[in-house]
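Have a look at the structure below, then the notes.
Chains as they are written, first to last, in my numbering: chain Z, 3 to 235; chain S, 3 to 235.
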C-alpha cells in the first residue's frame, strides 16, 4: 500500500475531493457498481419467471432493463478512463454472485422485496461513497442511482399481498433482515479483499466514518424502506 | 367464430389493405409478436449465463434489452387500440413457451445460433405478414424488426468457434435445422388454433400464398443466414 497519489492542485480541486484520490480505487468502485448492475439485470430477469401475470412479468423485465442501462453508463465511464470493463468487474464477481446465490427468492414476493430492498441498500451505499469521488464520476454515479420509478409498483404489490394474507408480513420481514445481513457480509468481504477500494473509503472517512458506522446509517434507510413495504425491520 | 368484422369504407382504406381487415386478427398478430419479443428477452437473458466472458455476457444482455424495447413498442400499439396486452398475448403463450422449452441451448454456441436464426425466421415471418396490415401497424412492425445490429457479433463468434474446431459446424448445422423445424411446427399450431390470425393470413393470400409456400420462402432466407454463420443448412 502507498499513500502517494497524483496531487490535485488546491486551486482546481473541488473542496470536497480528497487530495490523493487513488485511480485504482475509483476504478474499483466503478467496476463494483457496474458488475452489481449487470448481475442485477440477470437476477431480475430470472426472478420475473416467478411473476403471477404477464403484466407483472413485463414490469420486472422493465426494472431489469433499467439496471442494464446503468451498466452501460458505467461501462462507458470505465472505458473513458482507458480501462477494460471486464477486468474492472472481475474482482467483485465472486462476492456479488455469492450474495445472489445465498438470496435466491423462493417466490414472487421475495423477489419483489429483494429488488426493492437490495436496490435501495446498494444505492445508499454508492451514494455515500460517491461523495469522495471527483465531481464527474460522482455525477455519473448519482445518475445511475436515480430512482427508476419502479418503487411504487413493488410497494403496491407487497402491501396488497399483506392485506390479502397478513401472515405474509412476518415471513417477508425475516427475509428483509436476511437480505441486509448477507449484503453487509459481502460488503465486508469486498472491503477486506480489495485494498484500493478500502483506501478510497478510508480517504473519505470524514464523511463516511468506518464501515461499521456506514452500515448503521444504511440500516436506518433500510428500516424506512421496510416500513414503506408495510414490514417491520 | 365469425367472419363478420367492421367493414372499412373503401374510400379511406389504403390501397394495399384488404377491405375487411379483421380487428381481432390484427390484435392477434400484435399479441403474438409482443409475446415473442417478451419471451425472447427472457430467453436471451437466460442464455447469457452460458457466455464464456463477462463481455459476451453483456453483449447477449444487450440483445435481450433490444427485444424488450420492441415489446414496449408493441404494447403501446396494443393499448392504443384499446386492448389489454396480457389478453392479447395469452393465446400465444403455450406455443412460444413450448418452442423455447424444446429448443433450450445446451451451450453458448447453440444459444448464439438460436438468437440469430430464431430472430431471423421470426423477423421474416412478421415482415411478410405485415404487408397485409394497415400502414401504421405495418410501419410499427417493420420498426420492431429492424436489425438490432447484433448479427455481426454472432457471426463473428460462431465463425471463430468453427475455425478453432471444424467439428462444431456439423453439430450447429443440425441444431439450425432443428430450430427451423420446431419454429414451423409451432407456427402451424398457432395458425390452426387462432382463427382470426389464420383469416388475417388468408386475407393476404395474394401476397402470402398458403402457409406451405410461406414456409418455403422462409426456408430460403434461413439458408442464407446459415451460410453467413459458415453452416450448411
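Beta carbons: idealized from backbone N, C-alpha and C, even for Gly. Keep in mind that this is a model prediction, so the values were computed, not measured.
In this structure, does DSSP put residue 47 (chain S) in helix, strand or coil?
-> As a working note, residue 47 (chain S) is residue 45 in the second chain. Correct three-state label for residue 47 (chain S): helix.
Taking only beta-carbon atoms, is residue 166 (chain S) less than 8 Å away from chain Z?
-> In the second chain, the residue the question calls residue 166 (chain S) occupies position 164. Not closer than 8 Å to any Cβ of chain Z, the Cβ of residue 166 (chain S) fails to qualify, so no.
Below 8 Å CB to CB, which residues in the same chain sit around residue 223 (chain Z) once its five sequence neighbours on both sides are set aside?
-> As a position in the first chain, residue 223 (chain Z) is number 221, starting the count at 1. If we look at residue 223 (chain Z) and ignore the five residues flanking it on each side, its Cβ neighbours are 122, 123 and 126.
Determine the chain S residues that contact residue 40 (chain Z) at a beta-carbon separation under 8 Å, and present them in chain order.
-> Counting from 1 along the first chain, the entry for residue 40 (chain Z) is found at position 38. Per Cβ cutoff of 8 Å: 56, 59, 60 and 63.
Assign residue 89 (chain S) to one of two classes, buried (16 or more other C-beta atoms within 10 Å of its C-beta) or exposed (fewer than that).
-> Taking the first residue of the second chain as position 1, residue 89 (chain S) is located at position 87. So residue 89 (chain S) ends up on the exposed side.
Along chain Z, which residues have their Cβ under 8 Å away from the Cβ of residue 88 (chain S)?
-> To locate residue 88 (chain S), count along the second chain from 1; it is residue 86. Within 8 Å Cβ-Cβ: 55, 56 and 57.
Give the secondary structure of residue 235 (chain Z) by DSSP, where H, G and I count as helix, E and B as strand, and everything else as coil.
-> Indexing the first chain from 1 puts residue 235 (chain Z) at position 233. Looking at residue 235 (chain Z) - three-state DSSP - the assignment turns out to be coil, as it is neither helix nor strand.
Quick one: what does DSSP say residue 92 (chain S) is sitting in, helix, strand or coil?
-> What you label residue 92 (chain S) is simply residue 90 of the second chain in a count that begins at 1. Residue state, collapsed to three classes: helix.
Closer than 6 Å by C-beta to residue 58 (chain Z): which residues in its own chain qualify, once you throw out the five before and the five after it? Chain order, please.
-> The count along the first chain starts at 1 and reaches residue 58 (chain Z) at position 56. For residue 58 (chain Z), where only same-chain residues beyond five positions count, there are no Cβ hits under 6 Å.
Contact set for residue 199 (chain Z): own chain, Cβ-Cβ below 8 Å, skip 5 residues either direction = Counting from one through the first chain, the residue named residue 199 (chain Z) turns up at place 197. These residues qualify, in order along the chain: 27, 30, 31, 34, 192 and 193.
For residue 67 (chain Z) and chain S, any beta-carbon pair shorter than 8 Å?
-> Residue 67 (chain Z) sits at position 65 when you count from the first residue of the first chain. Output row for residue 67 (chain Z): interface = yes.
What distance in whole Å lies between the Cβ atoms of residue 135 (chain Z) and residue 75 (chain Z), which are believed to be in contact at a cut-off of 8 Å?
-> The sequence position of residue 75 (chain Z) within the first chain is 73, counting from 1. The sequence position of residue 135 (chain Z) within the first chain is 133, counting from 1. Residue 75 (chain Z) to residue 135 (chain Z), Cβ: 14 Å. No contact.
beta-carbon residue 197 (chain Z) near the ligand HEM non-hydrogen atom, thresh 7 Å | Looking for the ligand HEM in the displayed structure turns up nothing, as the structure carries no ligands at all.
Could you tell me which chain Z residues have their CB closer than 9 Å to the CB of residue 44 (chain S), listed as they occur along the chain?
-> Residue numbering aside, residue 44 (chain S) sits at position 42 when the second chain is read from its first letter. Result: 47, 48, 50, 51, 59 and 63.
Compare the C-beta of residue 70 (chain Z) against all C-beta atoms of chain S and say whether one is closer than 8 Å.
-> Start at 1 with the first residue of the first chain, and residue 70 (chain Z) comes out as number 68. For residue 70 (chain Z), the closest Cβ of chain S is nearer than 8 Å.
So, is residue 208 (chain S) buried or exposed, given that buried needs 16 or more other C-beta atoms within 10 angstroms?
-> On the second chain, position 206 is the one that residue 208 (chain S) refers to. Its pLDDT being 47, under 50, residue 208 (chain S) is placed unreliably in this model, and the value from its coordinates should be taken loosely. Classification of residue 208 (chain S): exposed, given that the 10 Å Cβ count is below 16.
Nearest-angstrom Cα distance between residue 186 (chain Z) and residue 137 (chain Z)?
-> Here residue 186 (chain Z) is taken as the residue at index 184 of the first chain, counted from 1. Here residue 137 (chain Z) is taken as the residue at index 135 of the first chain, counted from 1. Roughly 27 Å between the two C-alpha positions.
Please decide whether residue 155 (chain S) counts as near chain Z, where near means a Cβ-Cβ distance under 8 Å.
-> Position 153 of the second chain holds residue 155 (chain S). Taking Cβ atoms only, chain Z never reaches closer than 8 Å to residue 155 (chain S), which makes this a no.
Residues of chain Z with a CB under 9 Å from the CB of residue 73 (chain S): which are they?
-> One-based indexing of the second chain puts residue 73 (chain S) at position 71. Neighbourhood of residue 73 (chain S) in chain Z, by CB distance below 9 Å: 60 and 63, in chain order.
Please name the residue, chosen from S:112, S:43 and S:117, that lies closest to residue 71 (chain S) on a Cα-to-Cα basis.
-> The residue you call residue 71 (chain S) lines up with position 69 of the second chain. Per the Cα distances, S:43.
Check residue 71 (chain S) in the structure and name its three-state DSSP category.
-> The residue labelled residue 71 (chain S) in the question sits at position 69 within the second chain. Residue 71 (chain S): helix per DSSP, three-state reduction.
Could you pull the start and end residues of the alpha helix (DSSP H) that residue 84 (chain S) belongs to?
-> Along the second chain, one-based indexing puts residue 84 (chain S) at 82. No alpha helix (DSSP H) holds residue 84 (chain S); DSSP gives it neither H nor E.
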